[in-house]
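For reference, the structure discussed in these notes is given below.
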Amino acid sequence: MDSNQSMRLLSSWIGQIGDLGLNLLWRFIHIVVSLWYIVSGISEAIESYAISLGLNKKYSSIDLEKLRCLAVVVDIEAVQDVAKVVELLQWLTTIGVKQVGLFDSQGLLKKSKDLILETVPGSMLLEEIGKDFSPDGKRIALEFISSSDNKEAVMKAANILLQRYLKSSHPENDQGENFFTESHLNEALGVVGENVHVPDLLLVYGPIRSHLGFPAWRLRYTEIVHMGTLKYMRYGSLLKAIHKFTGVHQNYGT
Amino acid sequence: MNTLEEVGEFTQIFDALMSLMRKFLFRVLCVGPIPTNISFIMDGNRRFAKKHNLKGLDAGHRAGFISVKYILQYCKEIGVPYVTLYAFGMDNFKRGPEEVKCVMDLMLEKVELAIHQAVSGNLKGVRIIFAGDLNSLNERFRAAAQKLMELTEENRDLIVVVCVAYSTNLEIVHAVRKSCVKKCKNGDGAVVLEVSDVEGCMYTSAVPDPDLVIRTGGGDRLSNFMTWQTSRSLLHRTEALWPELGLWHLVWAILKFQRMQDCLQKKKKLD
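The listed protein sequences correspond, in order, to chains A and B. Quick note: the first sequence uses my numbering, first residue 138, plus one each step. Quick note: the second sequence uses my numbering, first residue 86, plus one each step.
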């Protein structure tokens with residue numbers, strides 16, 4: 138009995154030591170990974186400052202013809218700092234971007250809409266300009282988007298289509314192919330006040346590369362670039378991301 | 086013992102050693118959180134074929150299938166419960182008819198091989214689900230896909246969702262249509278559609294939302310893949326072309342996922 142107990146105790150100790158060893162090895166690997174990210178971050182910061190100072194001629198002029206609509210996703214913790222968002226918009230205006238969709242999941246930027254429109258020179262609400270109007274000079278059209286424009290909006294549109302379907306006369310075994318198509322859903326989204334235009338480029342300001350619930354219906358072929366946190370945003374990195382986008386060739390699946 | 090036999094024996098010992106080292110690496114990796122569902126946007130097969138001067142319209146895709154096998158094996162060994170593969174999008178039908186036929190024939194060949202493996206018990210606990218507008222595919226492929234799904238239905242070690250004839254927009258429209266028709270048929274009381282009704286009718290409703298999306302080929306976009314389901318997913322990109330994706334790329338992506346866990350959990354709690 139004693140030897141069995143001793144064996145069990147010994148194997149339990151060996152198991153615990155083994156688990157501790159694995160744990161230490163895992164933490165060591167993550168320390169190495171973190172060091173890599175620190176070095177990479179320093180290198181990106183140096184490159185960004187060089188771009189900001191105009192040392193790299195490649196970024197001195199950017200052709201924005203391909204960039205009709207830019208979207209910016211801001212992480213919830215960064216949204217508290219509206220001044221940073223205003224600074225970002227001012228940079229975008231300087232670069233020459235004409236239309237920006239600002240997204241945060243909780244809709245806090247929507248609540249600060251008036252403050253942002255007052256503070257960013259030349260800014261106006263996208264929904265207040267006509268379809269044929271294109272902002273000129275240093276003007277920028279802004280759109281404020283939140284999670285309510287994602288799944289909730291699709292549900293509102295779907296319910297509109299459902300009501301139409303219910304009111305229509307259709308055979309008993311009908312599967313709804315004539316009532317529920319992509320163009321019907323697009324139209325219904327328009328009825329509930331949603332913009333269905335697909336942004337060309339989505340810049341994510343936050344700790345992780347994730348679209349954080351940006352309207353799914355609009356994300357089809359949008360280029361998604363992670364910019365790091367808003368607190369440490371850099372003009373050079375912004376220029377680099379937009380310049381890189383202008384060189385992207387998409388084949389749209391073909 | 087002649088040279089060939091010696092080389093064969095050496096290869097076996099080397100393979101066994103590599104397998105042991107890989108299992109040890111995975112054992113260390115599993116100290117931290119592992120994604121429940123990893124999705125792969127398998128981009129770069131054609132560029133791989135061009136890069137290596139491979140002949141044939143399906144050459145790059147054949148190389149890509151080898152990658153699929155290895156990645157699924159690694160995911161199973163790590164203990165990832167679900168893997169989603171973006172195999173063929175609706176937009177891919179716009180490619181040249183010869184290329185589309187080539188890819189479809191290759192996929193059918195692999196599905197039939199998988200059926201054969203499932204029947205002989207060699208599929209080792211892997212369940213295969215096909216997600217997408219399967220009605221737009223040819224009858225032979227549809228029948229083979231259905232058979233493979235039935236044969237592997239009880240397997241639980243690794244659930245693989247293969248997205249074929251898929252796009253997010255098509256999935257949303259299909260889910261809205263199906264849930265609306267269902268609501269009408271049930272039709273008791275106020276008929277109002279909820280998010281859960283639509284999500285229950287999506288092509289990928291059998292599996293949880295992806296925690297980690299890995300796109301190969303250097304692209305920065307989702308290409309109409311699971312944009313509805315990836316609100317809280319970590320999007321990872323790699324310059325490696327799909328046939329070049331290997332063990333270390335997967336390990337790196339999982340390490341990145343583990344680093345971001347605190348942030349990802351905070352985002353999920355906000356929902």
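We put the CB at the ideal spot given by N, CA and C, even for glycine.
Residues are counted here when their Cβ sits less than 9 Å from a Cβ of chain A; for the stretch 317–330 of chain B these are R317, S318, L319, L320, H321 and R322, given in chain order. Annotated three-state conformation of A/M364 is strand, per DSSP. Taking 9 Å as the upper bound on Cβ-Cβ separation, chain B lies near residues R346, S347, H348, L349, G350, F351, P352, A353, W354, R355, L356, R357, Y358, T359, E360, I361, V362 and H363 of the stretch 346–376 of chain A. For A/E319, the chain B residues whose Cβ falls inside 9 Å of its Cβ are N254, L255, I257 and V258, in order along the chain. Against chain B, the CB of A/G390 has a partner CB under 8 Å away; the residue lies at that interface. In the structure shown, B/N254 adopts helical secondary structure according to DSSP, grouped into three states. Assigned with DSSP and collapsed to three states, A/E324 falls in helix. Taking a C-beta distance under 8 Å as the contact criterion, A/H380 and A/Y196 qualify as a contact pair. As DSSP reads the structure, B/C248 sits in a beta bridge with B/Y171 and B/A216. For A/P336, the nearest beta carbon of chain B is not closer than 8 Å to its own beta carbon.
Neighbours of B/N122 in chain A, taken as residues at a C-beta separation under 7 Å, are lacking, since the least C-beta distance is about 15 Å.
Sorting B/F95, B/T121, B/E324 and B/Y171 by C-alpha distance to the C-alpha of B/F342 places B/T121 at the top.
The criterion of a C-beta distance shorter than 8 Å is not satisfied by A/I168 and A/K235. Taking the CA atoms as reference points, B/K108 sits about 14 Å from B/I156.
Leaving aside the five residues that flank B/C160 on each side, the residues in its chain whose CB is nearer than 8 Å to its CB run, in chain order, I123, V168, L243 and L335.
Taking C-beta separations shorter than 6 Å and ignoring five residues to either side along the sequence, the partners of A/Q243 in its chain run I213, following chain order. Annotation for B/V165: no alpha helix (DSSP H) segment contains it, and DSSP assigns it neither H nor E. Taking the C-beta atoms as reference points, A/V209 is found nearer than 8 Å to A/F240. Boundaries of the alpha helix (DSSP H) harbouring B/Q97: T88 to L114, taken from the DSSP string. The C-alpha of B/L89 lies about 35 Å from the C-alpha of B/V211. Looking at the DSSP output, B/H321 bridges to B/I299. Going by C-alpha positions, A/H348 is about 21 Å away from A/S249.
At least 8 Å separates the CB of A/L245 from every CB of chain B. Contact between B/M189 and B/I213 is absent: CB atoms are separated by about 17 Å, not below the 8 Å threshold. A contact is defined here as three or more CB-CB pairs under 8 Å, and the stretch 248–259 of chain B fails this definition with respect to the stretch 291–303 of chain B. Assigned with DSSP and collapsed to three states, B/F125 falls in strand.
When DSSP assignments are scanned along the stretch 178–260 of chain A, the uninterrupted stretches of alpha helix (DSSP H) that are 4 or more residues long and fall wholly within it turn out to be 213–216, 219–232, 245–248 and 250–256.
The contact set of A/I166 on chain B, defined by CB atoms closer than 8 Å, consists of V113 and L340 in chain order. The beta-bridge partner set that DSSP reports for A/R145 is empty. A straight-line Cα-Cα distance of about 12 Å links B/S221 and B/G174. Residue contact with chain B for A/Q153: absent (no Cβ-Cβ distance below 8 Å to any residue of chain B).
When the five nearest sequence neighbours on each side are left out, the beta carbons in the same chain lying within less than 7 Å of the beta carbon of A/Y186 are those of G373, in order along the chain. With contacts defined as CB atoms closer than 8 Å, B/R227 and B/L236 fail to qualify as a contacting pair. With contact defined as three or more Cβ pairs closer than 8 Å, the stretch 263–283 of chain B and the stretch 194–204 of chain B are not in contact.
With its beta carbon less than 8 Å from one in chain A, B/W313 belongs to the interface.
With respect to chain A, the C-beta atom of B/L349 has a partner C-beta closer than 8 Å.
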